Amino acid sequence: MPYLKAVVLEGLRRHPPGHFVLPHSVIEDIELGGYLVPKKGSVNFMVAEMGWDPTVWEDPMAFKPERFLSNSHGSGRGAEGFDITGSREIKMMPFGVGRRICPGFALALLHLEYFAANLVWAFEWRAMEGDDVDLSEKQEFTMVMKNPLQAIVSPRLK
Numbered sequence: 036m037p038y039l040k041a042v043v044l045e046g047l048r049r050h051p052p053g054h055f056v057l058p059h060s061v062i063e064d065i066e067l068g069g070y071l072v073p074k075k076g077s078v079n080f081m082v083a084e085m086g087w088d089p090t091v092w093e094d095p096m097a098f099k100p101e102r103f104l105s106n107s108h109g110s111g112r113g114a115e116g117f118d119i120t121g122s123r124e125i126k127m128m129p130f131g132v133g134r135r136i137c138p139g140f141a142l143a144l145l146h147l148e149y150f151a152a153n154l155v156w157a158f159e160w161r162a163m164e165g166d167d168v169d170l171s172e173k174q175e176f177t178m179v180m181k182n183p184l185q186a187i188v189s190p191r192l193k
């Protein structure tokens with residue numbers, strides 16, 4: 036189910052589970068982005084910003100799972116070959132990277148796919164009558180929906 040995996044990866048790119056990494060201490064004075072970071076200073080960044088970088092992702096604010104399919108713009112490796120660990124390249128890091136990567140990331144990905152598949156399989160989803168689905172977002176501490184999603188969710192009959 037490559038498309039399902041692509042949907043999960045796109046969701047993690049747009050909305051990673053952790054928006055910040057642990058702060059890192061600077062061991063010597065360094066210039067970063069035109070700013071002087073003094074020795075013993077602290078550096079932190081938003082993980083989510085990586086997924087919104089237009090120099091890395093085409094149309095980064097759009098939800099396009101197709102970007103993770105092998106025929107999409109980019110690496111062409113598809114969802115199965117996408118490097119979520121950051122060992123080849125770091126395009127997003129929803130579970131961290133390197134030796135500090137979440138040890139349960141593979142299990143988390145399996146559970147996310149299973150969860151999403153079961154939501155689609157077990158329930159019928161419809162917009163509220165007279166309501167258009169509005170997926171626009173706004174920046175608060177993290178990115179949130181501008182208008183809360185209202186849906187009618189009913190079990191599928193077997």
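Each residue of the sequence shown is one higher than the one before, starting from 36 at the first, in the working numbering. Idealized CB from N, CA, C, for every residue including glycine. Just so it is clear, the structure is predicted and the values come from calculations on it, not from any experiment.
In or out: G92 buried (at least 16 other Cβ within 10 Å) or exposed? According to the sequence shown, residue 92 is Trp rather than Gly. So W92 counts as buried.
If we cut at 9 Å on Cβ distances, does G165 have a partner in chain B? Among the protein chains of the structure shown there is no chain B, as only one such chain exists.
Mapping the DSSP letters down to three states, classify F98 as helix, strand or coil. coil
With L154 as the anchor, note down where its beta strand (DSSP E) starts and where it stops. Taken as a continuous stretch (DSSP letters only), L154 belongs to no beta strand (DSSP E), being part of the alpha helix (DSSP H) at F140 to A157.
For S171, which residues in the same chain have their Cβ closer than 6 Å to its Cβ, ignoring the five residues on either side in sequence? K181
Rounded to the nearest angstrom, what separates C137 and L154 at their Cα positions? 25 Å
Give the C-beta separation of V188 and F150 to the nearest angstrom, bearing in mind that I take them to be a contact with Cβ-Cβ under 8 Å. At roughly 14 Å, the Cβ-Cβ gap does not stay under 8 Å, so V188 and F150 are not in contact.
How do the segment 48 to 58 and the segment 75 to 91 stand: do at least 3 beta-carbon pairs fall below 8 Å, yes or no? yes
Straight-line gap, L39 to L145 (C-alpha atoms, nearest Å): 11 Å
What is the residue span of the beta strand (DSSP E) that L67 lies within? I65 to L67
Per DSSP, M128 is paired with what? The partner list for M128 (beta bridge, DSSP) is empty, contrary to what the question assumes.
Terminal residues of the beta strand (DSSP E) in which M163 lies: No beta strand (DSSP E) contains M163, which DSSP labels as neither H nor E.
Rounded straight-line distance, which links the Cα of F117 to that of L192: 36 Å
Hey, M96 and L47 are a contact pair by Cβ (cut 8 Å); roughly how many whole angstroms apart? Rounded, the Cβ-Cβ distance is 15 Å, inconsistent with contact.
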